[in-house]
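Working notes, structure below.
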Amino acid sequence: MRIKSLIWVALCMVTVGVYAQSNYPFNSLDMNMGNLSRLSDAKTRSISPENFTGEKGKGGMADPVRDKDQRNVANAHHAAKDLGKGWKVNPFIIVKPGET
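According to the numbering used here, the stretch in the sequence shown is residues 5 to 104, in order.
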């Protein structure tokens with residue numbers, strides 16, 4: 005009798021979980037152990053020294069010779085100048101206080 009009760013409770017919990025997942029869309033913003041397996045249709049972008057705007061497909065597009073602005077003066081662009089476009093030539097930038 006006890007096993008039947010436990011099976012019934014487990015079945016109810018699974019049913020509630022499936023119902024909740026199907027009725028509430030997952031946007032991957034509230035990540036926890038309970039929803040790691042869920043797929044999301046969220047779109048993400050990476051903003052980095054190589055891609056300041058986060059534009060799609062523009063990572064690794066920095067040109068070490070052409071893009072020598074003031075932010076990159078103390079950067080590693082001089083070491084990567086022979087690598088060309090497509091390599092990580094801007095590992096960091098210097099942002100001065102008050103600058104965005």
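All residues carry an ideal CB built from backbone N, CA and C; glycine is no exception.
Out of curiosity, what's the CA-to-CA distance linking residue 34 and residue 58?
22 Å
Alpha carbon to alpha carbon, how far is residue 61 from residue 91?
14 Å
Have a look at the DSSP bridge pairing and note the partners of residue 55.
52
Under a three-way DSSP split, which group does residue 35 fall into?
In the displayed model, residue 35 falls within coil according to three-state DSSP, outside both helix and strand.
Buried or exposed for residue 54, please, with buried defined as at least 16 other CB atoms from any protein chain shown within 10 angstroms of its CB.
A residue is called buried when at least 16 other Cβ atoms come within 10 angstroms of its Cβ; residue 54 meets this threshold and is buried.
Kindly give me the distance between the Cβ atoms of residue 50 and residue 63, rounded to whole angstroms, as I take these residues to be in contact under 8 Å.
Between residue 50 and residue 63, the beta carbon gap of about 6 Å places them in contact (Cβ cut-off 8 Å).
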